[in-house]
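The sequence shown lines up with residues 271 to 386 when you count with the working numbering. Below is one structure; the comments refer to it alone.
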Amino acid sequence: MDFSKADNKVARKLFEVALQRELKKEMQLFSEILDQWKAQQPEDNRDDYYKIFTAVKDFDKHIARRYDGLRNSWFLGTITALLVEKIITADDLEDFSEEAKSEISRSLKFREVNQL
């Protein structure tokens with residue numbers, strides 16, 4: 271299902287909200303890694319450097335896969351995934367048309383049934 275032009279605009283705004291939430295969550299994780307390094311003060315810093323480097327690299331790949339080159343035909347699946355991962359909530363969907371909300375709900379139910 272492709273969204274209407276109006277719903278596409280809503281989706282793009284929602285993706286920016288979701289991206290900002292994901293960035294904030296990961297920045298907190300990066301901070302925790304650095305705080306742990308500061309507390310331990312190891313003589314060899316390579317392992318801790320590698321932890322932060324790997325966390326940033328893995329997150330960058332995740333963000334690129336999820337948001338880069340996002341086509342309209344992928345909006346429904348992306349929104350469904352964001353809901354399942356609790357990055358967005360049902361409240362975030364209020365600006366969508368009733369038709370789009372219905373499709374999103376159907377997609378969630380379909381995903382839940384297939385995960386059992």
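Using N, Cα and C, we set each Cβ at its ideal position, and we do this for glycine too. Because the structure is a prediction, the values reported are computed rather than measured.
Is the beta carbon of residue j closer than 8 Å to that of residue i?
i, j, result
"residue 284", "residue 333", "no"
"residue 289", "residue 319", "no"
"residue 287", "residue 358", "yes"
"residue 370", "residue 277", "yes"
"residue 274", "residue 372", "no"
Is residue i helix, strand or coil when you go by DSSP?
i, result
"residue 217", "Coverage of the chain is limited to positions 271 through 386, which leaves residue 217 absent and any answer about it impossible."
"residue 366", "coil"
"residue 284", "helix"
"residue 359", "coil"
"residue 313", "coil"
"residue 449", "This structure gives no information on residue 449, because the portion of the chain shown stretches from 271 to 386."
Whole angstroms is fine: what's the gap from residue i's alpha carbon to residue j's?
i, j, result
"residue 292", "residue 329", "9 Å"
"residue 351", "residue 296", "18 Å"
"residue 382", "residue 324", "31 Å"
"residue 363", "residue 298", "26 Å"
"residue 360", "residue 354", "11 Å"
"residue 356", "residue 315", "34 Å"
"residue 345", "residue 377", "11 Å"
"residue 339", "residue 347", "14 Å"
"residue 308", "residue 331", "27 Å"
In its own chain, which residues sit with a C-beta less than 7 Å from the C-beta of residue i, not counting the 5 before and 5 after it?
i, result
"residue 312", "318"
"residue 326", "300"
"residue 321", "303"
"residue 365", "280"
So, for residue i: in the same chain, excluding its five sequence neighbours on each side, which residues have a beta-carbon less than 8 Å away from its beta-carbon?
i, result
"residue 343", "272"
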